[in-house]
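Sequence order for the protein chains is L and Y.
At position 1 of the first sequence (counting the first as 1) the number is 0 in numbering that gives the first Met the number 0, and the numbers step up by one without a gap.
At position 288 of the second sequence (counting the first as 1) the number is 287 in numbering that gives the first Met the number 0, and the numbers step up by one without a gap.
Note that CB positions come from ideal geometry on N, CA and C, so glycine has one too.
Note that this is a predicted model, so its numbers are computed, not measured.
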Amino acid sequence: MIEEMVDKIANKNRNINFPYTVTRSSGLYILPTRAGLLFITVLIVMLAGSINYGNNLGFLFTFLLASMAFISLLHTHRNLLGLTLRSASFRSVFAGDRMDMQLFLQGEGRERPGLCFDVNVDGEHLPVCAPASGTVAVPVPTADRGNHRVMSMTVSSSYPFGLFRTWTTLYPDLTYLVYPGSAGGEFTPSNDMDGADNPGAKEQDGVDDFKGLRPYRPGDPMGRLSWKTFAQGKGLYTKEFSAHMGEAVMITWDDIRSGQTEWKISRLCDMVLKAHDMNLSYGLSIPGVLIERGEPKDKAHRHRCLKALALYGKGSDVAGRKRP
Amino acid sequence: MKRRVDPLMPNLVPALALGIVPHVMDLSPWITVCCFSCWAYLWFGAGRSWPLPPRWLTAVLAFAAFSGIVAGSRGTFNSDSGIGLLCLSAALKPLEIKKHRDRMITLFLSYFMVVAALFFSSSLEMTVYLYFSVIGITACLVRVNHPGIFHSKALKLALTITVQALPLSLILFFVFPRIQGSLWGVQAGSGITGLSNTLSPGAISRLGQSNETALRVTFEGQAPPISDRYFRAYVFQNFDGKTWRVSWLIPQWTDQVSGDEPGVRCTVTLEPHQQNYLVVPDYPQEAPKGYTLAQDLTVQSLDQVTKTIQYSLTFFKAPKVSAFKDWEAMYTTLPSSGNPRTHALAEEFRKNAGSVEDLIRRVLDFFHHEAFYYTLSPPEPGENSVDGFLFDTRRGYCEHYASAFVFIMRASGVPARVVGGYCGGEMNPYGGYLMIRQKDAHAWAEVFDEGKGWVRVDPTSAVAAERVETDAARAAAGTGGVVRENDRGFLGGMVMNVRYVWDALNHQWYSTIIGYSQSGQRRFLEKLGLSLDSAAGMVKTLLMTLVSMAALMALYYLRLQWVTEGKLDPVRKGYLRFLKKMEKAGVVCPTHLGPLDFAEKAVSERKDLEKDIRGITALYVLLRYAGQEGDDGLIHDFLVQVGHFRPSKKQEPDHGVKPVNLNS
Chain L
0 MIEEMVDKIA
10 NKNRNINFPY
20 TVTRSSGLYI
30 LPTRAGLLFI
40 TVLIVMLAGS
50 INYGNNLGFL
60 FTFLLASMAF
70 ISLLHTHRNL
80 LGLTLRSASF
90 RSVFAGDRMD
100 MQLFLQGEGR
110 ERPGLCFDVN
120 VDGEHLPVCA
130 PASGTVAVPV
140 PTADRGNHRV
150 MSMTVSSSYP
160 FGLFRTWTTL
170 YPDLTYLVYP
180 GSAGGEFTPS
190 NDMDGADNPG
200 AKEQDGVDDF
210 KGLRPYRPGD
220 PMGRLSWKTF
230 AQGKGLYTKE
240 FSAHMGEAVM
250 ITWDDIRSGQ
260 TEWKISRLCD
270 MVLKAHDMNL
280 SYGLSIPGVL
290 IERGEPKDKA
300 HRHRCLKALA
310 LYGKGSDVAG
320 RKRP
Chain Y
0 MKRRVDPLMP
10 NLVPALALGI
20 VPHVMDLSPW
30 ITVCCFSCWA
40 YLWFGAGRSW
50 PLPPRWLTAV
60 LAFAAFSGIV
70 AGSRGTFNSD
80 SGIGLLCLSA
90 ALKPLEIKKH
100 RDRMITLFLS
110 YFMVVAALFF
120 SSSLEMTVYL
130 YFSVIGITAC
140 LVRVNHPGIF
150 HSKALKLALT
160 ITVQALPLSL
170 ILFFVFPRIQ
180 GSLWGVQAGS
190 GITGLSNTLS
200 PGAISRLGQS
210 NETALRVTFE
220 GQAPPISDRY
230 FRAYVFQNFD
240 GKTWRVSWLI
250 PQWTDQVSGD
260 EPGVRCTVTL
270 EPHQQNYLVV
280 PDYPQEAPKG
290 YTLAQDLTVQ
300 SLDQVTKTIQ
310 YSLTFFKAPK
320 VSAFKDWEAM
330 YTTLPSSGNP
340 RTHALAEEFR
350 KNAGSVEDLI
360 RRVLDFFHHE
370 AFYYTLSPPE
380 PGENSVDGFL
390 FDTRRGYCEH
400 YASAFVFIMR
410 ASGVPARVVG
420 GYCGGEMNPY
430 GGYLMIRQKD
440 AHAWAEVFDE
450 GKGWVRVDPT
460 SAVAAERVET
470 DAARAAAGTG
480 GVVRENDRGF
490 LGGMVMNVRY
500 VWDALNHQWY
510 STIIGYSQSG
520 QRRFLEKLGL
530 SLDSAAGMVK
540 TLLMTLVSMA
550 ALMALYYLRL
560 QWVTEGKLDP
570 VRKGYLRFLK
580 KMEKAGVVCP
590 THLGPLDFAE
600 KAVSERKDLE
610 KDIRGITALY
620 VLLRYAGQEG
630 DDGLIHDFLV
640 QVGHFRPSKK
650 QEPDHGVKPV
660 NLNS
């Protein structure tokens, strides 16, 4: 808390870029830990005893311990100074899966024992300690889809005695994306995309080869309902179409007819993944976003679609900020 | 949840054990057993995750321990019970370790035990041990905070920091203001007692042959000649037929004693002897600050001397002649009955002697020519102790001779007194001071001679040399306090030298550290042009302290920097320089990339630098991995190439892959 206040005043380390080296001007703070305060109390008691009994050896050893604590401060300070954060990387995962922020550290030719990180993601603090310099994996929260922001990252160390803690707080411009969780279900892309304004429409032939009927499930598009059977009083059925390899489909918001928004997004996500796996040329149309059909097996395309889903309704400010 | 033994315990137990060792001798055995059994359980249980005793049991144990201490101290809570309590809490505290904080508290307890030990012993050996235990505990501190660090590294770090802390702590030590007039060492637990304030020539020899140092004297200028090395402690006035006693009714000197010659300044370091007297060289000019000088020229302390003390004073060979004072009539009294033969002998001496001087000579001749022997194990002289010694046994040591001599003097009507103290001593060639041991204890006589004042007479020295049985007496007899090297042989000489060096170290230790006092501080600071007497002086001292400490810290800091940089070999340093240059040029090397992979990546991003990149990388690989490590020429080429490598800034910024470009 104090650290944050101090850093706000200093207003340093804003929007830092990697690789970032901790320097003297980085706002490198050092204060006694709670154990350090206790140690200072112990020293004061020892000093009082030495004065009271006029014991010179008491003085000598009290000052020895005090000087040691003082010198340890140099070591503590130096443990962070010159530390380079080479990079921070993420690999997007689906909501609920484990994701690590991979921090690459370089110690400038020195070992850096006892480094601790406190990563603040969307206000949630994630403390983790690294055994030595190298790679540190900080597990980050992935419960919600969308862009997450690393608001601050506090690197600290209380090496070697645990009596002092030095720290610096960085505000890196780091975001990571969590795809929506995918909810399994039928692959039912809409077939009613007209080809007039769609350059890929001609490839769409054969998408809607009728396969058969299956009982209606909430979310099935209205256009696929088999009104004939319904009229015959046999109940509500949905027409199924088989999509073939190399076919072109459009995955649209209306393909999932019912359910909450999140459910819809999860279903659409599932469909995108399936379309990708089935080597289809697929596009995505959700309110506000239209992604035209791309090449089959195009990972970047898949990412674009998943990202659009992940950011749906999350406001575009975060998403749109860092477009290369 | 079941509480288990802390897995970091193997880092805590050694610290605790180091802390308790200096106390083991003073502790009741059950406390030591308690501590070590607790720690043994924790030590062995740490790896096996043995359960901890439940909380209530710990509480019961703590209560039992406390009761044990109270019972053991029999109601008087003294320092020993305090130490017992400290050790027991160190035994029980690790039983309830839950958090990191508890571990730290346990370690602080270890430090505390070490510092507490300093209040019980101030010897150089103990201090050296305690210094090493501080290093050990500090290594434990490092390991507890960073369990991943190797033992050897933790120990090395602790050693480095402890050694670096030493100069800083010495600065603080010498500059920190002392408030007491003088600071002593610590209470001597051994209970060595010096001279007794009674002197019974009949009693069994109690001075023995103790080699313990009684005092050390540093002379400013020339040490007095061997025949004048007398150091007085007591003057005995009253004799009851068996025992000489000190009277406490001696008036004090109100001003300085004056002497015929200029005095010599000396500093005495007196070992504790649990009595109220100070030992001073004959004859003191004044009492050291804080003590009183009686008119019989002895110095008294209000408190018993229970710690090593140091004091300075001026002394001279002979005080100015003074008239016989009224109170000195006590130096003429003898018991009304007893020792009839001595009385008769004294009467005979008095009749024959023309003057006091003549009388003294006659008595000394009597000791010399009659068959008197000097021995440290004399026979019992019998009911009339003086008669028995002078006429029957004729065997005794200094006390017998001094006592009999003073008796004869008083019986002849001459005021006389027995003086107890030390005589002789050895000059320590390494420390330049006179070492006086307990075995140098001596008794002699002083006789009042009109026109001369009180004259020192050492009747023991009158004993014929062939009838002397020990070294000490030979020293007293004036043949020399320093026993010559060639008397001891080669090995004996070596042992003697080691002893001298050790004693000199101890003396230095006591006079600079243990005996550092307010006056010592003033002298020390004066030499540096500083003082603590005025506000301005204090500010100046404080500033100087801070500046010197800051300078030391800066030195350490630079050293740290230098050490880590110096550790890298030139080839590695050169490569790192290359990487830095590449970074400036816009190509960042992720830590996981080897040099060849990095070269590929760099070339793909900066085609224009291909030649340099490949050249430097090839040389580096050659020097690092291809067995050309020691090739100085190659190293030179490599470094030159890195030095000349000046890549331009990035040309096409869009081609580079930013390492932090995530998924957007």
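Whole angstroms are fine: how far does the CA of residue j sit from the CA of residue i?
{"i": "Cys34/Y", "j": "Ser300/Y", "result": "41 Å"}
{"i": "Leu102/L", "j": "Tyr19/L", "result": "11 Å"}
{"i": "Leu592/Y", "j": "Tyr574/Y", "result": "13 Å"}
{"i": "Thr61/L", "j": "Tyr515/Y", "result": "16 Å"}
{"i": "Val602/Y", "j": "Phe577/Y", "result": "14 Å"}
{"i": "His399/Y", "j": "Arg349/Y", "result": "21 Å"}
{"i": "Gly180/L", "j": "Ala65/L", "result": "56 Å"}
{"i": "His124/L", "j": "Val139/L", "result": "9 Å"}
{"i": "Ile15/L", "j": "Arg109/L", "result": "23 Å"}
{"i": "Pro159/L", "j": "Tyr110/Y", "result": "17 Å"}
{"i": "Ser280/L", "j": "Phe89/L", "result": "27 Å"}
{"i": "Ala45/Y", "j": "Ala39/Y", "result": "10 Å"}
Exposed or buried, residue i, counting other C-beta atoms within 10 Å across all chains shown (16 or more means buried)?
{"i": "Asp386/Y", "result": "buried"}
{"i": "His300/L", "result": "buried"}
{"i": "Glu664/Y", "result": "Only positions 0 to 663 of chain Y appear in the structure, and residue 664/Y is not among them; the question remains open."}
{"i": "His368/Y", "result": "exposed"}
{"i": "Val304/Y", "result": "buried"}
{"i": "Ile178/Y", "result": "exposed"}
{"i": "Gln231/L", "result": "exposed"}
{"i": "Leu17/Y", "result": "buried"}
{"i": "Lys238/L", "result": "buried"}
{"i": "Gln221/Y", "result": "exposed"}
{"i": "Asn505/Y", "result": "buried"}
{"i": "Gln273/Y", "result": "exposed"}
Could you work out which residues of chain B lie near residue i, taking near to mean beta carbons separated by less than 9 Å?
{"i": "Met67/L", "result": "Of the protein chains in this structure, namely L and Y, none is chain B."}
On the three-state DSSP scale, how would you describe residue i?
{"i": "Phe637/Y", "result": "helix"}
{"i": "Pro21/Y", "result": "helix"}
{"i": "His399/Y", "result": "helix"}
{"i": "Lys600/Y", "result": "helix"}
{"i": "Ser292/L", "result": "Note that residue 292/L is Arg in the sequence shown, not Ser. Residue state, collapsed to three classes: coil."}
{"i": "Leu358/Y", "result": "helix"}
{"i": "Glu260/Y", "result": "coil"}
{"i": "Ile178/Y", "result": "coil"}
{"i": "Trp166/L", "result": "strand"}
{"i": "Cys665/Y", "result": "Outside the shown range of chain Y (0 to 663) lies residue 665/Y, about which nothing can therefore be said."}
{"i": "Thr40/L", "result": "helix"}
{"i": "Asn338/Y", "result": "coil"}
{"i": "His74/L", "result": "helix"}
Taking 8 Å as the cut-off, decide whether the C-beta atoms of residue i and residue j are in contact.
{"i": "Ser155/L", "j": "Asp117/L", "result": "yes"}
{"i": "Gly113/L", "j": "His99/Y", "result": "no"}
{"i": "Met150/L", "j": "Asp121/L", "result": "yes"}
{"i": "Ala138/Y", "j": "Leu194/Y", "result": "no"}
{"i": "Ala444/Y", "j": "Phe404/Y", "result": "yes"}
{"i": "Val446/Y", "j": "Val417/Y", "result": "no"}
{"i": "Gln251/Y", "j": "Leu292/Y", "result": "yes"}
{"i": "Leu84/L", "j": "Arg111/L", "result": "no"}
{"i": "Ser121/Y", "j": "Leu56/L", "result": "yes"}
{"i": "Phe371/Y", "j": "Arg393/Y", "result": "yes"}
{"i": "Leu458/Y", "j": "Leu363/Y", "result": "Note on residue identity: the sequence assigns Pro, not Leu, to residue 458/Y. Yes, the Cβ-Cβ distance between Pro458/Y and Leu363/Y is below 8 Å."}
Determine, using beta-carbon pairs with one atom in the segment 73-86 of chain Y and one in the segment 299-311 of chain L, whether at least three such pairs fall under 8 Å.
no
So, do the segment 61-73 of chain Y and the segment 84-95 of chain Y have three or more beta carbon pairs nearer to each other than 8 Å?
yes
Specify whether the segment 549-558 of chain Y and the segment 609-628 of chain Y touch according to this definition: at least 3 beta carbon pairs, one from each stretch, less than 8 Å apart.
no
Assess contact between the segment 254-264 of chain L and the segment 286-304 of chain L, defined as three or more Cβ pairs (one per stretch) separated by less than 8 Å. Is contact present?
no
Are the segment 402-417 of chain Y and the segment 206-226 of chain Y touching by the rule of at least three beta carbon pairs closer than 8 Å?
no
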